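Chemist: Can you read through this structure? Questions will come right after.
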Amino acid sequence: MSLSNLIDGRAIAEQIHTETSPRIAVLKQRGVQPGLAFVRVGEDPASQVYVGMKERMSARLGIASVTRVLPEAASENDLMKLVAQLNGDPKIHGILVQAPLPAQIAPARVYAAVSPQKDVDGFHPVNVGKLMLGDTTGFLPCTPAGVHELLIRSGAKIEGAEAVVLGRGNIVGKPMAAILIQKSRHAN
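Going by the numbering used here, the first residue of the sequence shown is number 6, and it counts up by one from there.
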């Protein structure tokens, strides 16, 4: 008997897209055009690919997106000014600052500058704190939230199961562990 099952991520993603599109259409009917801002510093090839994928998905779902690119030599202050501008833009409902950031920029300071209400990555200290306290009303980090959703939709029985999370980074490992230890039907 095999203990492993392949998860069809593409089929689940398509299901999520099918569920999301009508919700976006309702917002548009109410006069709200969802807007997402992608911020990239430098020309990291992987970052360019990731942001491009996010732009295409936004367009497919009917979400307006803007991408702001600062040069590799940009200062932390330059990036903070851009984040402040996007925080104040009523047409922008979500902000994603693409990692990695150059050495002269402290990621934690930048993530803390993004409005918690627009922090789609779930990296703002308010959203991190909510997650650690078991409050999932804030934004959750994308990759761990996506993995959790894949597990749920694939029918994996994770309640009461033992899990091993490889890595303890702030972007995937720690948030994944925090999501899995929540007292809920799909964790614990």
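Beta carbons: idealized from backbone N, C-alpha and C, even for Gly. These numbers were taken from a predicted model, which means no experiment stands behind them.
Identify every residue that forms a DSSP beta bridge with ILE100.
Modeler: Taking the sequence shown and counting its residues from 1, one reaches residue 100 at position 95. Its beta-bridge partners are ALA42, ASP124.
Chemist: Looking at the structure shown, is LEU145 part of a helix, part of a strand, or coil, going by DSSP?
Modeler: Within the sequence shown, residue 145 is the residue found at index 140, counting from 1. Here LEU145 sits in coil by DSSP.
Chemist: Do you know how far the Cα of LEU136 is from the Cα of GLY143?
Modeler: Within the sequence shown, the letter at position 138 stands for residue 143. Within the sequence shown, the letter at position 131 stands for residue 136. If you take the alpha carbons of GLY143 and LEU136, they lie about 7 Å apart.
Chemist: Spatial neighbours of MET6 within its chain, please: CB distance less than 6 Å, with the 5 preceding and 5 following residues excluded, ordered by chain position.
Modeler: Working through the sequence shown from its first residue, we reach residue 6 at position 1. The predicted model places MET6 with a pLDDT of 38, which falls under 50 and marks its position as unreliable; any figure quoted below should be read in that light. Contacts found: none.
Chemist: Buried or exposed for SER70, going by 16 or more other Cβ atoms inside 10 Å?
Modeler: As a first step, residue 70 is located in the sequence shown; it is residue number 65 there, counting from the start. SER70 should be labelled buried.
Chemist: Terminal residues of the continuous beta strand (DSSP E) containing VAL74?
Modeler: As a first step, residue 74 must be located in the sequence shown, where it is residue number 69. Where VAL74 is concerned, the enclosing beta strand (DSSP E) stretches over 69-75.
Chemist: What's the C-alpha gap between PRO146 and PRO130?
Modeler: Here the question's residue 146 lines up with position 141 in the sequence shown. Here the question's residue 130 lines up with position 125 in the sequence shown. PRO146 and PRO130: Cα-Cα distance of roughly 12 Å.
Chemist: Let me check understanding here. Comparing Cα to Cα, which of HIS98, ALA111, GLY160 lies closest to PRO121?
Modeler: The residue labelled residue 121 in the question sits at position 116 within the sequence shown. Closest option to PRO121, Cα to Cα, is HIS98.
Chemist: Please return the same chain residues whose Cβ sits closer than 7 Å to the Cβ of LEU156, not counting the five positions on each side in sequence.
Modeler: The residue given as residue 156 occupies position 151 in the sequence shown. So the qualifying residues of the chain are ILE163.
Chemist: Check for me: the alpha helix (DSSP H) holding ARG15 runs from which residue to which?
Modeler: For the purposes of this step, residue 15 is taken as residue 10 along the sequence shown, with counting starting at 1. That run of the alpha helix (DSSP H) goes 14-34.
Chemist: If the criterion is Cβ atoms closer than 8 Å, does the pair VAL37 and LEU84 meet it?
Modeler: Residue 37 sits at position 32 when you count from the first residue of the sequence shown. Residue 84 sits at position 79 when you count from the first residue of the sequence shown. Not in contact: VAL37 and LEU84 (Cβ atoms no closer than 8 Å).
Chemist: Use the C-beta contact count for ALA51: other C-beta atoms within 10 angstroms, 16 or more gives buried, fewer gives exposed.
Modeler: Looking up residue 51 in the sequence shown gives position 46. Exposed is the call here.
Chemist: Note the first and the last residue of the continuous alpha helix (DSSP H) segment covering VAL119.
Modeler: Sequence index remark: in the sequence shown, residue 119 carries index 114 (1-based). No alpha helix (DSSP H) holds VAL119; DSSP gives it neither H nor E.
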